[in-house]
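Engineer: Have a look at this one.
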Amino acid sequence: MSAHDISRHLFQASNHYTGTRMQQGRVVLDSDFNEARMLDEEDQRHFVVAVVGPHGSPDRGFTVENVTVAGLTWNFDIADGTYYLGGYRHEIGGGQSFRGQRDWRQLLRDDVRAVQVPPVPTQPRNDLVYLLGWQQGVGAVEDQELDDPAIAGHDTGYRQRFMQRVMVLADGPGTCKEAFDGLVASLEAGGHQFDRVNFELKSGARMGSRRSPVEPAEDLCKPEVLQGLAGAEHQAIRVQLIAPDRFIWGLDNASTMVRCTMAISEVDVTLTLTTPLRDLAHAPRVGHILELLPWGADLPNGEHVADHPVAGDVGGGVLLRVITPYDPGTGKITAVVAVEHSARLTKIAAWYQTIASAYLYARVWEPGDDDVAGPFGIGITLDQPIRLRGTDYEIGFTGLGIVGDYWILGARPATAQPIVPWNLRDGGPPHGPRRFYSPLAVLRWTIHTTLGAVAEVSSCRRTFRPLTRLRGCCTVTVGDGKTSFGDFTSIQAAVDALPRDEKGRICVLPGEYRERVVLTDRSDLILEGCGARTILRTPEGNDSARALIEVTRGTRLTIRKLTLEAFGQFGITLLGNGVALTSAILEDLRVTTRRDPDVPAPDPWWNLWLPASGPAPFPVSTIAAHRFSDLTIRRCYLEMSGNLSAAANVFLSHCGRSRVSDCQILTPSVDGDVVSKAWGGLQTGGGDDVVIENNIIRGGLGHGITLGRVITGYMNNDYATAFEPNGWFSMADDPDCPSVTSEIPDGIDEDDGPATTLTASTQADVVIRGNRISEMGASGVSVPGFWPDYLTLDVEGQRMFRSPNLLIEDNLIEANCRRPYHGVPGLHYGELVAFGGVVLADTDNLRIRDNRIVGNGGDHRYPICGIYVFHGEDLAIENNEVRDNGVRVGGSAFAGNRAGIALRFVGRLATSYGFDSYETEPDSLRPAARIRGNVVYQPAGRALELYGVGPMLIEGNVFGSGGLTHPVSSERAHCIEIHNIGLSAEIGVLGYVPGNLGYLPAPPLPTDEPPPSPDTVDGRILFTGNQVHFRPVAGASANIRRAVSLQSYDDVAVLDNQFVTTFPDGVGDMLCDTVVTAWSTRTNHNRWEDPIGTLPNGSYQTDISASTLGVMNFTKLNEASRCIHVQVSVLTDPIDNNGDGTNLTYTDCDTVPGFAALLAPTP
């Protein structure tokens, strides 16, 4: 029997032959038939690669799953199905496990597992699972079913079989690309090349050949061993590498291969041939090399394929040298093993003994030279000829190869062309095997404390759908006629072609489209592109600022995966009327807007209104919507250039039930500016139920998120008024560039624009969650601004931006307020306007929690707050980090609101025109404010300012302050100031407020103290479990009257707090650390640590640690560095139950209380 017995190998793809044709009366050779089949096969392979790609699966084939660990072994399943690799189809039926692959029988051997199966990890590790595929010939020796009994003793053709092995490369990168790149790098070592088009490893070996007649032997009486090729005999000589620098060779393509059994002694191996030889001429002779091969793969019929070598670590057996002649009677041969293969033979023998009815395969090769005791194989010296002993041929190598590489040399010694194929004259690549590799998965091992090693499977497989399952969901397609081709070359033409009453999907193929797209009253329409490859640009000669994509009303609209580049016009606008139902989804878009460079910039600068005609001379919004509800914007990249503009990057006006998520909203500076001059950010106003989450908002002159819009008297449901840039109303001139003042006028006169009165929007149920807001010119989250105080506090028609039920959580708000207004707040604005992290006007049920508000404001001259709320009821400020907002540098500073947390006018709204016309909202039984669990450090200003009416809870916070920036009245606190003008019910019975309790620093609130009435009852303050550190900087530590002030006309509880004051370099003086003034107070279990150094006059730096005053005063069990003064009001009847206190002080104290110095004169 034989295998792969061919006359020559002539297939060469570079000839671009497409097939073979027979001619009449001609002999048909095996090479003609074989080459025809190889041409067809290669053509089909190229076709599959072109359609499928280098690798992929139409099903779950070769999916790696179910990784299991049992003791010191591990395994995983390989799903059944198909996988195409390099254009060849590999298939697994019924599923297999890694260790039980039917094409890798030798994985049962210990020595193979030691190399191919990594150990169970003890540390985190990443393993690449990959597929190796190749083709292998199978003859009747391996599959005896191919033997036809009708022609006994003769075999016919052989078969080609796709072979595959799922292998593991341990300890590599954790991503598919990087891990596979590592495998490819190891494969290419040694000068090989990996073809990324076909995922094929191409050997770097090159072999050439020439005919050189044999010279006469020196001793004519000693015959040459195996004169294999004599005279004019034509042969197919197979040369095969057994190492990168060593080869063996054989005649008849080394096709003589037999089955055999094996018996091993200490000195040799006895093989018994169990299949007949073709004839005795092909019997192994003394000196022949036998390649002893175990089983490589199982066939369904119970037969087994030989484990031919494919690479250094894939396949192969052992080499033996025949030392006794073949005995035809017994079929036995004796041989010795190559020394380097002794250990492997032992392992093969161990495997062999576990198999019932086992057998091996023996392939016959020529000896390495004419010495029976010579080496196994022939060594390679590059660029040096090597004679194939016993023939007229020499071969040479110009590059080393891979184990298993082979060449088939067609020797035609008696012809004019003694070598075929001809490319072997100068050196050609191996004829096989062709090796293909692809990644299947990465196993990410982690070490669990109880479960041990656990692997997460990250698939690297590529998949595709069969053509019959490619059910196109595109109603029409659009191509630009250059890059792509579709049903239309215009997007608008495709839109117009779809009936309005039918659902449709317009697929815009890759290309550039210069047109505007208008969708009016469309429903159930999807407009979808191919991402960055589908570009919609401003058309040539554009004469309008209207959007590239303009939507007017419509429901269930989707616009996705398009790139829009707009110059002097909006990117996308959506306009409803507030009556018709609307809904739309904008997703995976990339929209950029820039000013039209052909239009002069606005002159003067405040001419930032949309032009009546022509493109805008400034950049406008990437997305703008008005009265368009149920709008979702997600995963979009939205960039607006930073030229001067009053437009927000994203503008949502009266858009209820809207969502903006996972977007990048960027307004970068241009022309070398440090800060962008365009308003930018996201603005929403007038629509309830809006969610803004997980966005990156960066750059712009205005606020990161602007809550509210200014409503003009002329606003209508039309393009010009609905999308008017809204930032203009709170901008003012400044050197080089306008800046944001947050001062909104009563109206606009004709000199500045259309004459109109300005009012505020109201917007409820807004959620701002998980955003990163940075590098804005103004605040992070803010209302557009404030009206003058005479309008804000007008009892008949207060103008404030209202946002009830607002939730701000899990945001990072940092490095904003980069371009403050160069000046001080104008007349009637000073007590209202603020800048910083979060700035709000009127908001009930506010929740600000779990945010990081840090590093806003970079110029010490300008007032900055971390959180500022002018008015609201039931405000919850919880678990925020509010740090370093506003820098502390020596020198003068502008007046304004500076505080870590500033709640200016909270609780029930109280307004007045004087004491006789006082009005207060009814009691809603809700707290004014709850401030819990925050970490606040304010470099310049108080850590906390809290003024209002109603219950106030301040619990579990860490407060710090670097002191005030400019002198204040002596009655004002420097670190924390909490004033509540709510009254105790007992005062209502009394009928008046005692004079020394009625004193408040002027003005703690922009109102007079309230008269006793049911609507002014409840001014309770609970200040407990806080840590306060007042550490004024140099220049702010002298003549401090008080650091902390808590005052109410009701009850104040100051419990379990820790107060620390630290002076810079020990320099400073303070009258009192903490002052508590209330109708009733319990100031207990607190600790004050105050400076106790001495001043030049001999007194202490701190006179008093704490002073408390109340009609009912219970100040006990406190500890302090300095004195604790406890006073009971002398202006009311004495209460016998007031305690005398049991407090500890570190220093001696004056027996005369000094509280009177802290109070204004009493009537």
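Start counting the sequence shown at 17; every next residue gets the next number (our numbering). In this text, a Cβ means the ideal position worked out from N, Cα and C, and glycines have one as well.
1. Please list the terminal residues of the continuous beta strand (DSSP E) segment that includes residue 842.
2. To which residues does DSSP link residue 8 through a beta bridge?
3. Rank 89, 777, 1075 and 429 by C-alpha distance to the C-alpha of residue 252 and give the top, closest one.
4. Check this for me: beta carbons of residue 364 and residue 326, under 8 Å apart or not?
5. Mark residue 30 as exposed unless 16 or more other C-beta atoms lie within 10 angstroms of its C-beta, in which case mark it buried.
6. Spatial neighbours of residue 861 within its chain, please: C-beta separation below 7 Å, excluding the five flanking residues on both sides.
7. Looking at the ligand NAD, does it come within less than 7 Å of residue 1040, judged from the CB to the closest heavy atom?
8. Pick helix, strand or coil for residue 202, following the three-state DSSP scheme.
9. Would you check if the distance between the CB atom of residue 684 and the CB atom of residue 701 is smaller than 8 Å?
10. In terms of alpha-carbon separation, which member of 984, 1124 and 1135 lies closest to residue 1141?
11. Pull up the CB-CB distance for residue 287 and residue 378, whole angstroms please, since I reckon it's below 8 Å.
12. Output the distance between the C-alpha atoms of residue 400 and residue 414, rounded to the nearest integer angstrom.
13. Pop quiz: residue 978 and residue 954 are said to be a contact at Cβ under 8 Å. What is the actual Cβ separation, rounded to whole angstroms?
14. Please name the residue, chosen from 515, 513, 508 and 250, that lies closest to residue 532 on a Cα-to-Cα basis.
15. Locate the alpha helix (DSSP H) running through residue 736, then write down its first and last residues.
16. Which term fits residue 961, buried or exposed, when burial requires 16 or more other beta carbons within 10 angstroms of its beta carbon?
17. For the candidate residues 790, 845, 489 and 786, whose alpha-carbon lies nearest to that of residue 815?
18. I'd like to check one pair, residue 550 with residue 579: are the Cβ atoms closer than 8 Å?
19. Assuming the contact rule is C-beta atoms closer than 8 Å, residue 77 and residue 95 should be a hit. Round their C-beta distance to whole Å, please.
20. Would you report the Cα separation of residue 90 and residue 707, rounded to the nearest angstrom?
21. With distances taken from CA atoms, which of 1129, 1110, 1114 and 997 is nearest residue 1065?
22. Three-state secondary structure (DSSP) at residue 588?
23. What is the DSSP secondary structure of residue 1089, reduced to helix, strand or coil?
24. Since residue 462 and residue 473 are thought to touch, with beta carbons under 8 Å apart, how far apart are those beta carbons, to the nearest angstrom?
25. From residue 81 to residue 477, what distance separates their C-alpha atoms?
26. Shortest alpha-carbon distance to residue 421 belongs to which of 670, 1114, 258 and 542?
27. Closest to residue 850 by CA distance: which of 872, 499, 1087 and 114 is it?
28. Please return the same chain residues whose Cβ sits closer than 6 Å to the Cβ of residue 27, not counting the five positions on each side in sequence.
29. Please classify residue 649 as buried or exposed, where buried requires at least 16 other C-beta atoms within 10 Å of its C-beta.
30. Answer with buried or exposed for residue 350, where buried requires no fewer than 16 other C-beta atoms within 10 angstroms of its C-beta.
31. Figure out for me which residue from 455, 109, 543 and 886 has the closest Cα to the Cα of residue 200.
32. When burial is assigned at 16 or more other CB atoms within 10 Å of the CB, is residue 464 buried or exposed?
33. By DSSP's criteria, residue 104 is part of a beta bridge. Which residues make up the other side?
34. Does the structure place the stretch 563-572 close enough to the stretch 741-755 that three or more beta carbon pairs sit under 8 Å?
35. Between the beta-carbon of residue 1106 and the beta-carbon of residue 1081, is there less than 8 Å?
36. Start and end of the alpha helix (DSSP H) containing residue 62?
Structural biologist: Once the coordinates are examined:
1. Taking the first residue of the sequence shown as position 1, residue 842 is located at position 826. Neither: residue 842 is in no beta strand (DSSP E) and is coded neither H nor E.
2. In this structure the chain extends from 17 to 1179, so residue 8 is not present and cannot be described.
3. Translated into the one-based positions of the sequence shown, residue 252 becomes position 236. Ranking 89, 777, 1075 and 429 by CA distance to the CA of residue 252 puts 429 first.
4. As a first step, residue 364 is located in the sequence shown; it is residue number 348 there, counting from the start. As a first step, residue 326 is located in the sequence shown; it is residue number 310 there, counting from the start. Contact flag unset, no.
5. As a working mapping, residue 30 is identified with position 14 in the sequence shown. It is exposed - the Cβ of residue 30 has fewer than 16 other Cβ atoms within 10 Å.
6. Counted from its first residue, the sequence shown places residue 861 at position 845. Within the same chain, and ignoring the five residues on either side of residue 861 in sequence, the residues whose Cβ sits closer than 7 Å to its Cβ are 820, 821 and 890.
7. Within the structure as shown, the ligand NAD is missing, as the structure has no ligands at all.
8. Taking the sequence shown and counting its residues from 1, the one referred to as residue 202 is at position 186. Note: residue 202 maps to helix in three-state DSSP.
9. Against the sequence shown, residue 684 aligns to sequence position 668. Against the sequence shown, residue 701 aligns to sequence position 685. The answer is no: Cβ separation not under 8 Å.
10. Here the question's residue 1141 lines up with position 1125 in the sequence shown. Measuring from the Cα of residue 1141, the nearest candidate turns out to be 1124.
11. Position 271 of the sequence shown holds residue 287. Position 362 of the sequence shown holds residue 378. Contact holds; Cβ gap of about 6 Å.
12. Taking the sequence shown and counting its residues from 1, one reaches residue 400 at position 384. Taking the sequence shown and counting its residues from 1, one reaches residue 414 at position 398. Straight-line Cα distance between these residues: approximately 9 Å.
13. Your numbering for residue 978 matches position 962 in the sequence shown. Your numbering for residue 954 matches position 938 in the sequence shown. With a Cβ gap of about 7 Å, residue 978 and residue 954 count as contacting.
14. For the purposes of this step, residue 532 is taken as residue 516 along the sequence shown, with counting starting at 1. Closest option to residue 532, Cα to Cα, is 508.
15. Numbered from its first residue, the sequence shown carries residue 736 at position 720. It spans 735-738 - the alpha helix (DSSP H) in which residue 736 sits, taken as one unbroken run.
16. Numbered from its first residue, the sequence shown carries residue 961 at position 945. A residue is called buried when at least 16 other Cβ atoms come within 10 angstroms of its Cβ; residue 961 meets this threshold and is buried.
17. Numbered from 1 along the sequence shown, position 799 holds the residue referred to as residue 815. For residue 815, the nearest C-alpha among the options comes from 845.
18. Your numbering for residue 579 matches position 563 in the sequence shown. Your numbering for residue 550 matches position 534 in the sequence shown. It is a contact, given that the beta carbons lie within the stated cut-off.
19. Start at 1 with the first residue of the sequence shown, and residue 77 comes out as number 61. Start at 1 with the first residue of the sequence shown, and residue 95 comes out as number 79. Sure, about 6 Å apart at Cβ, within 8 Å.
20. Working through the sequence shown from its first residue, we reach residue 90 at position 74. Working through the sequence shown from its first residue, we reach residue 707 at position 691. If you take the alpha carbons of residue 90 and residue 707, they lie about 48 Å apart.
21. Within the sequence shown, the letter at position 1049 stands for residue 1065. It is 997.
22. Indexing the sequence shown from 1 puts residue 588 at position 572. It is a strand residue.
23. For the purposes of this step, residue 1089 is identified with residue 1073 of the sequence shown, where counting begins at 1. Reduced to three states, the DSSP call for residue 1089 is strand.
24. The count along the sequence shown starts at 1 and reaches residue 462 at position 446. The count along the sequence shown starts at 1 and reaches residue 473 at position 457. 12 Å between Cβ atoms; not a contact.
25. For the purposes of this step, residue 81 is identified with residue 65 of the sequence shown, where counting begins at 1. For the purposes of this step, residue 477 is identified with residue 461 of the sequence shown, where counting begins at 1. Their backbone Cα atoms lie some 12 Å apart in a straight line.
26. Here residue 421 is taken as the residue at index 405 of the sequence shown, counted from 1. Looking at the Cα atoms, 258 is the closest of the given residues.
27. Here residue 850 corresponds to residue number 834 of the sequence shown, with the count starting at 1. Among 872, 499, 1087 and 114, the Cα nearest to that of residue 850 belongs to 872.
28. In the sequence shown, counting from the first residue as 1, residue 27 sits at position 11. Contacts found: 51 and 54.
29. One-based indexing of the sequence shown puts residue 649 at position 633. Residue 649 comes out buried.
30. Within the sequence shown, the letter at position 334 stands for residue 350. Residue 350 comes out buried.
31. Here residue 200 refers to the residue found at position 184 of the sequence shown. When only C-alpha atoms are compared, the closest one is 455.
32. The sequence position of residue 464 within the sequence shown is 448, counting from 1. Its Cβ having fewer than 16 others within 10 Å, residue 464 is exposed.
33. For this step, residue 104 is matched to residue 88 along the sequence shown. Its beta-bridge partners are 101.
34. no
35. Position 1090 of the sequence shown holds residue 1106. Position 1065 of the sequence shown holds residue 1081. No, these two residues do not count as a Cβ contact at 8 Å.
36. On the sequence shown, position 46 is the one that residue 62 refers to. Segment 46-68, the alpha helix (DSSP H) holding residue 62.
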